[in-house]
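The structure appears right after this line, and notes come after that.
In my numbering, the protein residues as written are 1 to 796.
So this is what it looks like as structure tokens:
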């Protein structure tokens, strides 16, 4: 039976090559898009779950109430907490980490910036699972000056993955490579390329002295609980510990700090943490993309269903004769299901090849590192699930329809499909193009929002500014003012300023360390802060609305502050603001001026209160204003000065334009993915529409011949063949517009500063859909309209 089914199926598929090609191409595109999206979804939902102890691992997070109105949320805790957790019976193991920043690595004459580095306790590898390529966790724990690194970094640094025992210098100290582990999986929150012992960091007396306090929250703490432990109870016990040891300013036990044991698998989705970054997961986005995968696959399957049911009348006589010869319903159903399965398997084979080829491109789009490996269970789950879904969607209805034809009706030439089936096909076309129009609307609005972000007036000028930071360890050896004066000696450099923060993203904030006349005693709102020099406003073209900026020749200005307009409103300062007493961070000065509001964070956030002060004693950020068109010359000058003054550290610089663009890295990736999937959905819909137009033209060839003989024009014939499809597209636009409006309004709500939705955007998407449909069917319509009517009428 099966060999017969296969032989007939191959014969039928080859006899209608065009429709077979359209079906396979559409299903392949749908499968490739669905597999990539579902791999991303599976990766997001499985974050950190691959660790054997993942269900028992928790991160300790801090909730610090800084005022009646505000609570800060940190992923960090004091260094001293770990030692005191021994009294909590539910905790079996505890480990800590803190950021090591960028390591100044030297191997021979090569200088490398070691990014993504971290200090950890020796038991880190007992809590979290790593696959070692060379060396071991025991070797890592065997000394203070050891280092573990990823396989890719070992290859980059030493040209081999078996790098255990190799030496490298970090700053002025030699370290030995103790372990090399496989690159971090894409679904890991710990994307660290270099891991060093925490004991090496604390061996520096100054580091230990700074962190040996219950008021210094610099360490992420992870606990492994007993299987029967309750995280809420553990959190309460940890809170009791910190309340007992941490003291308020008056010496009493602290009551404003609450610790919580957060599940390891929730870390990726916790956006509440301050400074959480933009690579955090978003469950809403995940569900939206899961829906997109299903919709794109559905659109591809609609093509198959539409073309198969439309061609059902061609195969009706085949079914009728087979039934008269004794074929049963199950036999015919199996025959048509075989054709569907073969089509899906052909599409799967082609999709596998395309997935293999396009994986590097997909990695660059998502910023993840997916690997195409047949040993990857997640890949097979997605592939098998996608293929089975395609077989079910494309096979069951067409097979039931074709096998249900009555033999005498088919042989007599009666209309076996009926109007209901035609209506069903039209409904599928509406669904298909509704999806396409929603994609077009979304793509247009995302593009407009990203364009708005790129072009919005931020209130400062970031162009031609290069930024770099002096190493903290070199602060006592390298005078920032000396570096600045040497930079200013080059004609390619217009100006240089020193600052504690980048104007593009000011992350430093404070509460309670200020006072002014008329402040309510219990009013301590959070304000952002930045230390600046007297030329900061000139370089960035900031506008002063009241008072003046800091003056270079006035020592008293070191005590004063400048506020932005939002700070004046938030703090309730009454006019005149300038000259009003304002004590800040121990400085007893006044408000020197008010600067016009500017965006110093992402446009997702409202402009916050900002205090600018003129004490750059601890500031290491240098911002170089370059003469337009002389960027290469200025970079060369910066590099030469750096090499002469800080030879043991590699120079790492960025242009502020790049830093600003990086704020919207997540949105840019989402937009790129959305654009890609929009193109795929449109192409799939066009293939289906082209197939239906071709079949319609074939079925109406005699009618068109008669119309032409009776005097119908080519334009009239084209209009006749196109009208039905354009009506369906218009219906799709009406259905898609409110759907697109709802979802894009929700997406835009994530931005405090955003574009307004306009009917023009929806009209543009609708017109685009109509033009796409006309372009798709015009070739076949014009070709049919130009056919010689004699040829159509004499053929039987």
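Backbone N, C-alpha and C define an ideal beta-carbon position, used for all residues, glycine too.
Computed from a predicted model, the values in this text were never measured in an experiment.
Do you know how far the Cα of residue j is from the Cα of residue i?
i	j	result
residue 281	residue 571	34 Å
residue 452	residue 443	14 Å
residue 756	residue 457	17 Å
residue 609	residue 271	21 Å
residue 229	residue 181	31 Å
residue 429	residue 740	18 Å
residue 214	residue 121	19 Å
residue 605	residue 238	33 Å
residue 594	residue 141	54 Å
residue 284	residue 647	48 Å
residue 431	residue 42	27 Å
residue 26	residue 733	22 Å
residue 568	residue 544	13 Å
residue 489	residue 464	18 Å
residue 511	residue 526	5 Å
residue 671	residue 744	12 Å
residue 227	residue 54	11 Å
residue 469	residue 509	20 Å
residue 412	residue 337	Any reading at residue 412 must be qualified, since the residue scores a pLDDT of 47, below 50, and its modelled position is unreliable; no value is offered.
residue 106	residue 149	15 Å
residue 206	residue 240	29 Å
Starting from residue i and walking both ways along the beta strand (DSSP E), at which residues does that stretch end?
i	result
residue 494	493–499
residue 541	Run containing residue 541: none; DSSP gives neither H nor E here.
residue 593	587–595
residue 485	Premise fails: residue 485 lies in the alpha helix (DSSP H), 480–488, not in any beta strand (DSSP E).
residue 625	621–626
residue 146	146–150
residue 613	610–613
residue 563	561–564
Using a Cβ-Cβ cut-off of 8 Å (strictly less than) and excluding sequence neighbours within five positions of residue i, which residues of its own chain qualify?
i	result
residue 372	355, 356, 359, 379
residue 467	502, 621, 622, 623, 624, 653, 654, 655, 656, 659
residue 234	58, 88, 90, 91, 223, 225, 261
residue 349	none
Using a Cβ-Cβ cutoff of less than 7 Å, which residues in the same chain neighbour residue i once the five nearest sequence positions on both sides are dropped?
i	result
residue 115	102, 193
residue 210	216
residue 597	459, 564, 565, 566, 607
residue 418	Unreliable positioning characterises residue 418 in this predicted model, as indicated by a pLDDT of 45, which lies under 50. A coordinate reading is not provided.
residue 64	71, 72, 74, 256, 257
residue 52	129
residue 420	With a pLDDT of only 47 at residue 420, under the threshold of 50, the placement of this residue in the model should not be trusted; the figure read from the coordinates follows. Same-chain partners within the cutoff: there are none.
residue 628	464
In the DSSP assignment, the alpha helix (DSSP H) including residue i goes from what residue to what residue?
i	result
residue 239	231–245
residue 17	17–45
residue 635	631–645
residue 127	124–127
Can you list, in chain order, the residues of its chain with a C-beta nearer than 6 Å to that of residue i? Leave out the 5 residues immediately preceding and following it.
i	result
residue 532	499, 612
residue 690	776
residue 603	453, 751, 753
residue 245	214
Can you pull the DSSP bridge partners for residue i?
i	result
residue 63	73, 258
residue 175	168
residue 220	97
residue 110	107
residue 516	582
residue 134	180
residue 197	120
With a Cβ-Cβ cutoff of 9 Å, do residue i and residue j count as a contact?
i	j	result
residue 112	residue 167	no
residue 263	residue 31	no
residue 673	residue 365	yes
residue 761	residue 288	no
residue 494	residue 626	yes
residue 86	residue 124	no
residue 649	residue 471	yes
residue 797	residue 726	It is not possible to answer for residue 797, since the shown part of the chain is limited to 1 through 796.
residue 547	residue 578	yes
residue 117	residue 196	yes
residue 560	residue 582	yes
residue 60	residue 265	no
residue 23	residue 436	no
residue 292	residue 677	yes
Does at least one heavy atom of the ligand FMN sit under 8 Å from the Cβ of residue i?
i	result
residue 653	You won't find the ligand FMN in this model; it holds no ligand whatsoever.
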